[in-house]
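Those protein sequences? They're chains A and B, same order as listed. Numbered according to this note's numbering, the first sequence terminates at residue 267, and the numbering increases by one at each position without gaps. Numbered according to this note's numbering, the second sequence terminates at residue 393, and the numbering increases by one at each position without gaps.
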Amino acid sequence: MTIRLTGASLRHGQVQALHGIDLQIGAGERVAIIGPSGAGKSSLLQLLGTALAPSTGAVELLDVAPWRLSAGARQRLRARIGLIHQAPPLPPRQRVVTAVLAGRLGQWSTLRGLLNLLHPADVPGVREVLTSLGMAEKIFVQCGQLSGGQLQRVGIARALYQQPQILLADEPVSAMDPVLAEHSLKTLNQHANERGVTLIASLHAVELALAHFPRVIGVREGRIVFDRPASEVSSDMLDGLYANEHLVSPPLPLPALNLQIPRC
Amino acid sequence: MLKVDSRDPAALPRVLLALLAIALLWPGIRLSELNPGVLLQADNRREMATFLSAFWPPAHEPDFLRLLLDATLQTLAVATAGMTLALLLAIPASLLASRALSLRAASRGGRLGFWSRTLRLPVRALLIFLRSVPEIVWALLFVRAVGLGPTAGVLAIAITYSGMLGKVYAEIFESVDQRPAHALLQAGSSRLSAFFYGILPAAAAELVSYTVYRWECAIRASVVMGFVGAGGLGQQIDLSMRMFAGAEVASMLLTFLLLVWLADQLSRLLRGRLA
């Protein structure tokens, strides 16, 4: 098993983000996580990315328990796990080429990382990844000059360039138009398929999740509601997942015809 | 009608705060024995007038200008060498003291653990110690130790300024957006790499601006230390003042103005390149 969570729960201060999650994902599986806002999708991904330690329960990734490792060994494990952020945290003044090359910092020695700042070590490799995402012409542009969707693609390019064994994606296409989102998800899936990478993505667009991922997990209020192959997910299950009893759309008030003509 | 509408609820507290500030400042003025009236007494006025009237025209004999150039270069050299030595200590110390590079904080949403905080304390304490003694005091000590001359000034600046630079650098690192560095740490990068790729790009302009400003301060400090025998422009001013050579003092003050202006231009240029 690449990923094994047993009774893992997570607290952020007073908020219980995840309740006793049990989850097993095998090598090379491609999984989508769906659920309403605040359901715990991001928290689950942070748990899987070793960004946060579980409050209780156990996490096992690539057959090791990250939180029982020394800090150095955990950093080496983290280099094998890539996380695509919803809003990629990239310094505005950094060039795209540097931002993408930074994906391999976990595999490089510190000295190599510093030399790479003076002169980018692998421009062809970066260009190849960016080309697959339609961003090749932006390679020497500063990140601050990119749009939200372009930044997301730089974030994806960095994670692909990292060549991790587990690829986690937190809403990777939320700032893209439908065509680009489709293309980027295809690129991600193709990359994962070709290299046998385990891909786990949280998505708010259900139809994208069902179309691109063989396995779909529904999360609600910090618990797994269903975990099925995409073909078995029914519309009843989706309705149950997204049902919101607190949210009642207020009836639209009639526009009050109370014209005030300003006198100048 | 307008009076009620335009009433600012913050007006009364502001007036009261202003009155409180004045009430607190007044005893301060009494305690510091400030008495501007002294300036206006007839004797003092005449003294000042003769001294100031000698300011124009500023001294510009070739011999004096050569002396001035030498002294200026010496002052610049003292400031620059002192800053370089200070940076050698300040940069590693700021990296150690800054919470921005804590691996533990990166995986706890920015909160530090007990050990992360405790182990940073000695570095912070060292920086506090280095900057708590004014550079002029260090200069007096070093003049005793290594004798009159610029060496004392260089060492004094190096010690005091490493404390100031280290503290402020560490705080600049903490004040920029931490998410890029945390993201890199979570992808397995080393802490130094995370610093260079995640923090430095955002902090560079601020760091350069502060460093150039500190260099400007170091120039002024090296002048002051000249008065206690650490060479450079300060020593020349001291001599000229003792000889009531107002013209020479005026030339040297103009040189100061030029140096500070140049430092300002340099800072602006560098910031413009980095912004």
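No residue lacks a Cβ here, since even glycine has one placed at the ideal position from N, Cα and C. If you're wondering where the values come from, they're calculated on a predicted model, not measured in any experiment.
* For T190(B), is the classification buried or exposed, using 16 other Cβ atoms within 10 angstroms of its Cβ as the cut-off for buried? -> Here residue 190(B) corresponds to residue number 72 of the second sequence, with the count starting at 1. Label assigned to T190(B): buried.
* **For L325(B): DSSP bridge partner residues** => Here residue 325(B) refers to the residue found at position 207 when the second sequence is read from its first residue. Its beta-bridge partners do not exist; DSSP assigns none.
* **Selected residue, minimal CA-CA separation from I290(B), among G306(B), L325(B) and R309(B)** => Taking the second sequence and counting its residues from 1, one reaches residue 290(B) at position 172. Checking every option, the nearest Cα to that of I290(B) belongs to L325(B).
* To do: Rounded to whole angstroms, what's the CA-CA distance from F173(B) to G284(B)? Just pull it up for me.
  => Within the second sequence, numbered from 1, the residue matching residue 173(B) stands at position 55. Within the second sequence, numbered from 1, the residue matching residue 284(B) stands at position 166. Between F173(B) and G284(B), the C-alpha separation is close to 41 Å.
* Cβ contact (3+ pairs, closer than 8 Å) linking the segment 198-207 of chain B and the segment 271-286 of chain B -> yes
* To do: Taking C-beta pairs closer than 8 Å, name the residues in chain A that P145(B) reaches, listed in chain order.
  => Taking the second sequence and counting its residues from 1, the one referred to as residue 145(B) is at position 27. None at all; the shortest Cβ gap to chain A is about 46 Å.
* Apply the 10 Å Cβ neighbour rule to S212(B) and answer buried if 16 or more other Cβ atoms are within range, or exposed otherwise. => As a first step, residue 212(B) must be located in the second sequence, where it is residue number 94. Answer is buried; the Cβ neighbour count reaches 16.
* Asked: Among R96(A), M4(A) and R156(A), which has the Cα closest to the Cα of E63(A)?
  -> Taking the first sequence and counting its residues from 1, one reaches residue 63(A) at position 60. Per the Cα distances, M4(A).
* Asked: Buried or exposed: which applies to P94(A), given that a residue is buried once 16 or more other Cβ atoms fall within 10 Å of its Cβ?
  -> Numbered from its first residue, the first sequence carries residue 94(A) at position 91. So P94(A) counts as buried.
* **Assigned secondary structure, L375(B) (DSSP; H/G/I helix, E/B strand, else coil)** => Here residue 375(B) refers to the residue found at position 257 when the second sequence is read from its first residue. Three-state result, L375(B): helix.
* Asked: Are the Cβ atoms of L302(B) and L108(A) separated by less than 7 Å?
  -> The residue given as residue 302(B) occupies position 184 in the second sequence. The residue given as residue 108(A) occupies position 105 in the first sequence. The answer is yes: Cβ separation under 7 Å.
* Quick one: which residues of the segment 56-70 of chain A get their C-beta closer than 7 Å to a C-beta of chain B? List them in chain order. => A56
* To do: With DSSP as the reference, please indicate the residues paired to L86(A) in a beta bridge.
  => What you label residue 86(A) is simply residue 83 of the first sequence in a count that begins at 1. Answer is L171(A), bridged to L86(A).
* Asked: Whose Cβ in chain A lies nearer than 8 Å to the Cβ of F314(B)?
  -> Translated into the one-based positions of the second sequence, residue 314(B) becomes position 196. Per Cβ cutoff of 8 Å: G116, L117 and L120.
* **Touching by the beta-carbon criterion (3+ pairs, under 8 Å), the segment 171-178 of chain A and the segment 139-149 of chain A** => no
* Quick one: what does DSSP say A56(A) is sitting in, helix, strand or coil? -> Numbered from 1 along the first sequence, position 53 holds the residue referred to as residue 56(A). Reduced to three states, the DSSP call for A56(A) is coil.
* Hey, G221(A) and L21(A): beta-carbon distance below 7 Å or not? -> The residue given as residue 221(A) occupies position 218 in the first sequence. The residue given as residue 21(A) occupies position 18 in the first sequence. Their beta carbons are not under 7 Å apart, which means G221(A) does not touch L21(A) by this criterion.
* Where T5(A) sits in the DSSP three-state scheme -> The residue given as residue 5(A) occupies position 2 in the first sequence. The answer is coil: DSSP assigns T5(A) none of H, G, I, E or B.
* **Residue-chain proximity (P210(B), chain A), Cβ-Cβ < 7 Å** => For the purposes of this step, residue 210(B) is taken as the residue at position 92 of the second sequence. Closer than 7 Å: no.
* Would you list, in chain order, the members of the segment 71-86 of chain A that have their beta-carbon closer than 7 Å to a beta-carbon of chain B? => A74, Q78, R79, R81, A82, G85 and L86
* Asked: Can you find a CB in chain A that lies within less than 7 Å of the CB of R297(B)?
  -> Position 179 of the second sequence, counted from the first residue, corresponds to residue 297(B). Closer than 7 Å: yes.
* Within 7 Å, strictly: CB atoms of P176(B) and A368(B) -> Mapped onto the second sequence, residue 176(B) falls at position 58. Mapped onto the second sequence, residue 368(B) falls at position 250. In contact: P176(B) and A368(B) (Cβ atoms closer than 7 Å).
* Just how far apart, CA to CA, sit E235(A) and F229(A)? -> The residue given as residue 235(A) occupies position 232 in the first sequence. The residue given as residue 229(A) occupies position 226 in the first sequence. Each residue's Cα considered, the two are about 10 Å apart.
* To do: Would you list the one or two residues that DSSP bridges to I203(A)?
  => Locating residue 203(A) in the first sequence gives position 200, counting from the first residue. DSSP lists V34(A) and L171(A) as partners of I203(A).
* Asked: Taking a cut of 9 Å between CB atoms, which residues from the segment 275-304 of chain B lie near chain A?
  -> V294, D295, Q296, R297, P298, A299, H300, A301, L302, L303 and Q304
* Alpha carbon of R115(A) to alpha carbon of V103(A), nearest angstrom -> By 1-based counting over the first sequence, the position of residue 115(A) is 112. By 1-based counting over the first sequence, the position of residue 103(A) is 100. The alpha-carbon atoms of R115(A) and V103(A) are separated by roughly 15 Å.
* Using the Cα positions of L154(A) and T278(B), report the straight-line distance between them to the nearest angstrom. => Here residue 154(A) is taken as the residue at index 151 of the first sequence, counted from 1. Here residue 278(B) is taken as the residue at index 160 of the second sequence, counted from 1. Each residue's Cα considered, the two are about 43 Å apart.
* Asked: Helix, strand or coil: how does DSSP classify I28(A) here?
  -> Numbered from its first residue, the first sequence carries residue 28(A) at position 25. The answer is strand: DSSP assigns I28(A) an E or B state.
* Asked: Per DSSP, what kind of secondary structure is V403(B) in: helix, strand or coil?
  -> The structure shown does not extend to residue 403(B), since chain B is modelled only from 119 to 393, so the question has no answer here.
* Asked: Expressed to the nearest angstrom, what Euclidean distance is found between the alpha-carbon atoms of L118(A) and T329(B)?
  -> Reading the first sequence from its first residue, position 115 is the one you call residue 118(A). Reading the second sequence from its first residue, position 211 is the one you call residue 329(B). Approximately 24 Å, taken between the alpha carbons.
* Excluding five sequence neighbours on each side, which residues of the same chain lie with their C-beta closer than 6 Å to the C-beta of A215(B)? -> Here residue 215(B) is taken as the residue at index 97 of the second sequence, counted from 1. Result list for A215(B): R238, V241, R242 and A288, in chain order.
* To do: Using three-state DSSP, classify V62(A) as helix, strand or coil.
  => In the first sequence, residue 62(A) corresponds to position 59, counting from 1. In this structure, V62(A) counts as strand in the three-state DSSP scheme.
* Contact set for L188(A): own chain, Cβ-Cβ below 7 Å, skip 5 residues either direction -> Counting from 1 along the first sequence, the entry for residue 188(A) is found at position 185. Hits under 7 Å: V176, L211 and H215.
* Do L133(A) and T190(A) have their CB atoms nearer than 7 Å? -> Against the first sequence, residue 133(A) aligns to sequence position 130. Against the first sequence, residue 190(A) aligns to sequence position 187. No, these two residues do not count as a Cβ contact at 7 Å.
* Assign V126(A) to one of three DSSP states: helix, strand, or coil. => Indexing the first sequence from 1 puts residue 126(A) at position 123. V126(A) falls in the helix class under three-state DSSP.
* Under a three-way DSSP split, which group does M119(B) fall into? -> One-based indexing of the second sequence puts residue 119(B) at position 1. Note that M119(B) has pLDDT 49, beneath the 50 cutoff, so the model's placement of it is unreliable and the number below is only indicative. M119(B): coil per DSSP, three-state reduction.
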